[in-house]
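With the numbering used here, the residue at position 78 of the sequence shown is 77, and numbering never jumps.
No residue lacks a Cβ here, since even glycine has one placed at the ideal position from N, Cα and C.
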Amino acid sequence: MTPRKIIIDTDPGQDDAVAILLALASPELDVLGITCVAGNVPLPLTARNARVVCELAGRPAVPVFAGCDRPLARDLVTAEYVHGKSGLDGIALPDPQMPLQTGHAVEFIIDTLRGLPEGTVTLCPLGPLTNIATAFQRAPEIVSRVAEIVLMGGGCFEGGNTTPAAEFNIYVDPEAADIVFKSGVPLVVMPLDVTHKVLTTRARIEAFRALGTRVGHAVASWTDFFERFDMAKYGSDGAPLHDPCVIAYLLAPNLFQGRHINVEIETGSALTRGMTVADWWRVTKRPPNAMFMREVDADGFFALLTERIGRL
Ligand code: BDR
Ligand code: CA
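And the structure:
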């Protein structure tokens, strides 16, 4: 089987880090590059953290690019209150030795899509959609060359996690999200409705630790760290492990269920900025533009994730 070519666009973040590890552990996927964006923490830290994760995985040759350092039209909002000052708090890992690529992430996305056959590259955004939207604005001819976008963002029945209406990734750069959701590229969306069901319970964290590997220990330490905030917020047994849902979908789509519906992004309202207005009940005539997921086999997800992390 030819591995599926993906670009991971990310703002690590512990859950982004676990998603990157899952991709790098999986022979079904060919990670062409990792493009970093400002989000959970500012760009210099996301570009650093992505390389820390590649080195942890023993993959220092994966090209990592820095991209946009702020949203298209707004001031950057970050989330150190969840992820810690570094974005990867929870375990001290060495500063990366591998270089950051010299080119801009947006140029890498454009060049890659231009250079490979149409319909062969899947984009996997795990943070604000600034890099993807900027690439689409700068080189509109690449839009039709994207195979699919599988992203983490938004929410419907769960509401928001950053405001009552908006999930963090969409809230931070709603104008970018609007461009991506209107692009016509086939979209698969992993919203809070799914990720809030993928909880890092004590037994699941201990399963990572029990792998007895350096990577398993790091994953357990990260999840230990960030679940404190979410458990206090939600009163749940564990925290949502958002971003790995994107990669798990590429490996095992049957773990997820959703509907192909219309999803629009609110950019105008101060109160509901960044809301994903998801027409779940199909009450409008607006055409479907996204496979919007709602259900997940959480045990199946953690079985897959733990087995793959164990390979690193
Ligand atoms: C999303 O926001 C970030 O904090 C996480 O990394 C995830 O991508 C969840 O709302
Ligand atoms: Ca993220």
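Distances between the C-beta of Gly309 and the heavy atoms of ligand 1 are all 7 Å or more. Its chain contains Arg3, Lys4, Ile5, Ile6, Val145, Ala146, Glu147, Ile148, Val149, Leu249 as the residues whose beta carbon lies nearer than 8 Å to that of Thr121, once the 5 sequence neighbours on both sides are disregarded; these appear in chain order. For His82, the enclosing alpha helix (DSSP H) covers residues 79 to 82.
With the rule of 3 Cβ pairs closer than 8 Å, the segment 55 to 74 does not count as touching the segment 198 to 209. Pairwise C-beta distances place the segment 85 to 100 in contact with the segment 52 to 72, as three or more of them are shorter than 8 Å.
The beta carbon of His241 sits closer than 7 Å to at least one heavy atom of ligand 1. A heavy atom of ligand 1 is found nearer than 7 Å to the CB of Met151. In this structure, Ala91 sits away from Asn39, with a CB-CB distance that is not shorter than 8 Å.
Of the residues assessed, Val30 falls on the buried side of the cut-off, its CB having 16 or more other CB atoms within 10 angstroms. Arg73 sits in coil when the DSSP states are folded into three classes, being neither helix nor strand. Between ligand 1 and Val76, a heavy atom-to-CB distance of less than 7 Å is absent.
Secondary-structure assignment with DSSP links Asp8 through a beta bridge to Thr34, Pro124. Taking 7 Å as the cut-off, one finds at least one heavy atom of ligand 2 near enough to the beta carbon of Thr9.
A straight-line Cα-Cα distance of about 6 Å links Val193 and Val295.
Closest in C-alpha terms to Asp10, from the list His259, Asn261, Cys123, Arg307, comes Cys123. Every beta strand (DSSP E) stretch that sits fully inside the segment 130 to 163 and reaches 3 residues is listed by chain position as 145 to 151. In the DSSP assignment, the residues bridged to Phe255 are Val295. Collapsing the DSSP output to three states places His103 in a strand.
With at least 16 other beta carbons inside 10 angstroms of its own, Leu42 counts as buried. Relative to the non-hydrogen atoms of ligand 1, the Cβ of Gly237 never comes closer than 7 Å to any of them.
A heavy atom of ligand 1 is found nearer than 7 Å to the CB of Gly126.
Each of Thr111, Leu128, Val81, Thr133 was checked against the Cα of Pro173, and the nearest Cα belongs to Leu128. In the assembly as shown, Ala22 is a buried residue. Its beta-carbon has 16 or more other beta-carbons within 10 Å.
In this structure, the alpha-carbon of Ile141 lies about 11 Å from that of Ala132. The beta-carbon distance between Phe107 and Phe64, rounded to whole angstroms, is 5 Å. This is short enough to meet the 8 Å contact definition. The beta carbon of Asn261 sits closer than 7 Å to the beta carbons of Asp278, Thr283, Arg285, Pro286, Pro287, Asn288 from its chain, once the five residues preceding and following it are set aside; these are given in chain order. In the structure shown, the three-state DSSP call for Val51 is helix. For Asn160, the shortest separation between its Cβ and any heavy atom of ligand 2 does not lie below 7 Å.
The nearest non-hydrogen atom of ligand 1 is less than 7 Å from the C-beta of Val81.
DSSP, reduced to helix, strand and coil, places Val262 within a strand of the structure shown.
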